[in-house]
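Enquirer: Sequential numbering from 31 applies to the sequence shown in this note's numbering.
From the three backbone atoms N, C-alpha and C, an ideal C-beta is built for every residue, glycine too.
Got a structure for you, written out below as structure tokens; questions coming shortly.
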Amino acid sequence: MAAAAASRCLACFMDPEAAKCSITISSRQTINFSHHHRSHLCSLSMNGCQGDPHFPLGTIETRSFPAIPSPSLALDRLNSAISELKANPPSSTSGIIRLQVPIQQQIEAIDWLYAQHQFLPRCYFSGRGQTSNSSDLSIDYTNGNDQIQSEHNLVSVAGVGSAVFFQDLHPFSYRHWKSLKRFLSTQCPLIRTYGAIRFDARANISSEWEAFGYFYFMVPQVEFDELEEGSMLAATVAWDNALSWNLGHAIDALKATLSQISSVVLKQRRQVPWTPMLSNNHIPSKTYWNLAVNRALQKIRSNSALIKVVLARRSTVITATDIDPIAWLACLQVEGENAYQFCLQPPNAPAFIGNTPEQLFHRKWLGITSEALAGTRARGKSMPEDLQIELELLSSPKDHLEFTIVQESIRRKLENVCNSVLVEPKKAIRKLPRVQHLYAKLAGRLRSEEDEFDILSSLHPSPAVCGFPTEEARVLIAETEVFDRGMYAGPVGWFGGGESEFAVGIRSALVEKGLGAMIFAGTGVVEGSNASLEWDELELKISQFTKLLKLEVPLEIKS
């Protein structure tokens, strides 16, 4: 299975010609200052894709220390631990070591990230609360033989700097997956790589997505973990002498980052004043959207194999004042029930943020789950109205067709690598603050953990964000859409030693401080779709972003 997988790339969305783009990737990466980002982090890091994926690291280790009262004391303890590590280094020529200090305070990871003042790269990932398959982590609260362990549910993670990053001039492949896994271990469950993969590796990479490349993953240098009871501050060093990046280099880079970390963390407001909006440009416009949807319907009604295609829209917003992506993300958390929140910002790049309800897959050991999500309606203004809308959604032939296509496609793909697949519930409603969807949960058991790459490469792109059949839908999307989806609708999440979780990067935006935002949304087109109603659905899906904006009339035309 693994050998076969090695010969193909993610979702067969790979083309050798796609490697001809202008991004430059090296074994090390310098983070430059940018007048747009005003980054405070300028250090070197190691590109794990340049290492030999078949040569194991010499050291993979987590060192835990006793819990302490505050972030400032945790920072002091980490600095001491790093000095101890430098004085007594391991003899191995390659490795990764995580140093972690539990904090006896309930602090939200997003508040910590906001306090770090535009450090790049940075990442954030939050599960879905009680509905998420969150990790129960056994954390050591003492260092030594008398270890006291307790179970803690990891809620969200924020990270700055990269102990090691992963990026290449070629689309994400089995070799890249093996390069990532080289730095991970079931014995160190919190050493994780966070990142995202492009929706379509065959599409040309536009300038706004250039720094993300085909994929971008990072193990944070400094990480803040929000737990259900308490918090944790961690620092990670990674090295590989074969890449001219030894432990001394890694420690010096980490110390430089830690010297700029703020221990003063204030609770953010979850509501911000409206950001004045100077312009909002949709691509496509409503006129061209109608043409695109009607053309897709003609294709579906013809003798082609196409049954469903998901068409997307990009709304470019220019604002009078800066948009802070972390402040926006904090506001999205208010609407985060049953949804993942994420942020990924490589060096010299805008921030990719989102609040997505859709799980691509969650793996814990051999157990795997995925979800089918399709069909959209607004929430009602009252409980009776909400129930009436729910019943309409459940009984809609058009939405049932769209949902069945998604569910059956995911079920078939899981059956290729699982002994059996359970679908329960088979068709239900998932309610979000603004919208509700048809929903099903699918679960199976992998035959081997090596099948994880096969799961990722087969589940993405799902009919929920591309269409069905996949290749016919992809071709129509490429012919129809005149903008680059980039990481929008692609996998976003993390790989761990014995566990991994990925969401689908929808309900998302690309935010550049000083330049505004690009907000993405899509809708499925099947027999029975109406172009005008699908446009209204786009507006509904981006309303969690547009609620933060207010149209500002230019001064020269104010009455």
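Per DSSP, residue 295 is paired with what?
Expert: Its beta-bridge partners do not exist; DSSP assigns none.
Enquirer: Where DSSP assigns a beta bridge to residue 91, which residues make up the other side?
Expert: DSSP output for residue 91 lists 127 as bridge partner(s).
Enquirer: Does the Cβ of residue 395 have 16 or more other Cβ atoms within 10 Å, making it buried, or fewer, making it exposed?
Expert: By the neighbour-count rule (16 or more Cβ atoms within 10 Å), residue 395 is not buried but exposed.
Enquirer: Candidates 355, 78, 110 and 100: which alpha carbon is nearest residue 93's?
Expert: Considering only alpha carbons, the answer is 110.
Enquirer: Are the CB atoms of residue 405 and residue 209 within a distance shorter than 8 Å?
Expert: In this structure, residue 405 does not lie closer than 8 Å to residue 209 by Cβ.
Enquirer: Quick one: grab the DSSP three-state call for residue 223.
Expert: The answer is strand: DSSP assigns residue 223 an E or B state.
Enquirer: With DSSP run on the structure shown, which of helix, strand or coil describes residue 269?
Expert: Residue 269: strand per DSSP, three-state reduction.
Enquirer: Using a threshold of 8 Å, state whether the C-beta atoms of residue 228 and residue 516 are closer than that.
Expert: Against a cut-off of 8 Å, the Cβ pair of residue 516 and residue 228 comes out as a contact.
Enquirer: I'd like the ranges of any beta strand (DSSP E) spanning at least 3 consecutive residues and lying wholly in the segment 288-368.
Expert: Segments of the beta strand (DSSP E) lying fully in the segment 288-368: 305-313 and 338-349.
Enquirer: Cα separation between residue 581 and residue 207?
Expert: Unreliable positioning characterises residue 581 in this predicted model, as indicated by a pLDDT of 48, which lies under 50. The coordinate reading is nonetheless provided below. Their backbone Cα atoms lie some 44 Å apart in a straight line.
Enquirer: Under 8 Å Cβ to Cβ from residue 472, same chain only, skipping five residues before and after it: list those, please.
Expert: Same-chain partners within the cutoff: 399, 400, 401, 402, 437, 440, 441, 444, 451, 452 and 453.
Enquirer: At the level of alpha carbons, what is the spacing between residue 488 and residue 528?
Expert: In a straight line, the C-alpha of residue 488 is about 20 Å away from that of residue 528.
Enquirer: Look at the alpha carbon of residue 495 and the alpha carbon of residue 519, and state the distance between them as a whole number of angstroms.
Expert: Each residue's alpha carbon lies about 6 Å from the other.
Enquirer: State the CB to CB distance for the pair residue 547 and residue 386, rounded to an integer number of angstroms; the pair is presumed to be in contact (CB under 8 Å).
Expert: Going by Cβ atoms, the distance from residue 547 to residue 386 rounds to 16 Å, so no, they are not a contact pair.
Enquirer: Have a look at residue 308 and residue 203 and give me their C-alpha separation to the nearest angstrom.
Expert: When rounded, the distance between both Cα atoms is 42 Å.
Enquirer: Which same chain residues, not among the five before or five after residue 349, have their C-beta less than 8 Å away from its C-beta?
Expert: The answer, listed in chain order, is 305, 306, 307, 308, 546, 547 and 579.
Enquirer: Please classify residue 498 as buried or exposed, where buried requires at least 16 other C-beta atoms within 10 Å of its C-beta.
Expert: With 16 or more other Cβ atoms within 10 Å, it is buried.
Enquirer: As an exercise, report each continuous beta strand (DSSP E) stretch of at least 3 residues that is fully enclosed by the segment 422-469, in chain order.
Expert: Correct list: 448-453 and 458-461.
Enquirer: Measuring alpha carbon to alpha carbon, tell me which residue in 311, 559 and 414 is nearest residue 427.
Expert: The residue with the shortest Cα to Cα distance from residue 427 is 559.
Enquirer: Does DSSP put residue 572 in a helix, a strand or coil?
Expert: Correct three-state label for residue 572: helix.
Enquirer: Go through its chain and collect everything with a Cβ distance to residue 253's Cβ below 6 Å, but skip five positions before and after it.
Expert: The residues are 189 and 264.
Enquirer: In three-state terms, what does DSSP make of residue 392?
Expert: Here residue 392 sits in strand by DSSP.
Enquirer: Just to confirm, is the Cβ distance from residue 591 to residue 76 under 8 Å?
Expert: Nothing about residue 591 can be read from this structure; the chain reaches only from 31 to 589.
Enquirer: Output the boundary residues of the beta strand (DSSP E) element that contains residue 578.
Expert: Where residue 578 is concerned, there is no enclosing beta strand (DSSP E), given that its DSSP letter is neither H nor E.
Enquirer: Grouping DSSP H, G and I as helix and E and B as strand, with all else coil, what is residue 106?
Expert: Residue 106 falls in the helix class under three-state DSSP.
Enquirer: Tell whether a beta-carbon distance below 8 Å holds between residue 376 and residue 151.
Expert: For residue 376 and residue 151, yes; Cβs fall inside 8 Å.
Enquirer: Return the residue from the list 140, 186 and 335 that minimises the CA-CA distance to residue 354.
Expert: Closest by alpha carbon: 140.
Enquirer: Could you have a look at residue 52 and say whether DSSP puts it in helix, strand or coil?
Expert: In this prediction, residue 52 has a pLDDT of 34, which is less than 50 and means its spatial position is unreliable; nothing more can be read from the coordinates.
Enquirer: If you draw a straight line from the alpha carbon of residue 575 to that of residue 124, how long is it in whole angstroms?
Expert: Straight-line Cα distance between these residues: approximately 44 Å.
Enquirer: Express the C-alpha separation of residue 276 and residue 569 in angstroms, rounding to a whole number.
Expert: Approximately 51 Å between the Cα atoms of the pair.
Enquirer: Pick out whichever of 481, 417 and 336 has its Cα sitting closest to the Cα of residue 554.
Expert: Of the candidates 481, 417 and 336, the one whose C-alpha sits nearest the C-alpha of residue 554 is 336.
Enquirer: Determine the contact status of residue 506 and residue 329, defining contact as a CB-CB distance below 8 Å.
Expert: Yes, the Cβ-Cβ distance between residue 506 and residue 329 is below 8 Å.
Enquirer: May I have the straight-line CA-CA distance separating residue 290 from residue 503, to the nearest angstrom?
Expert: Rounded to the nearest angstrom, the two C-alpha atoms are 47 Å apart.
Enquirer: Using a Cβ-Cβ cutoff of less than 6 Å, which residues in the same chain neighbour residue 549 once the five nearest sequence positions on both sides are dropped?
Expert: So the list reads 345, 539, 572 and 575, once near-sequence residues are dropped.
Enquirer: Can you name, in chain order, every residue of its own chain whose Cβ lies under 8 Å from the Cβ of residue 284, other than the five neighbours on each side?
Expert: Only 112, 191, 193, 251, 252, 265, 266 and 267 meet the Cβ criterion.
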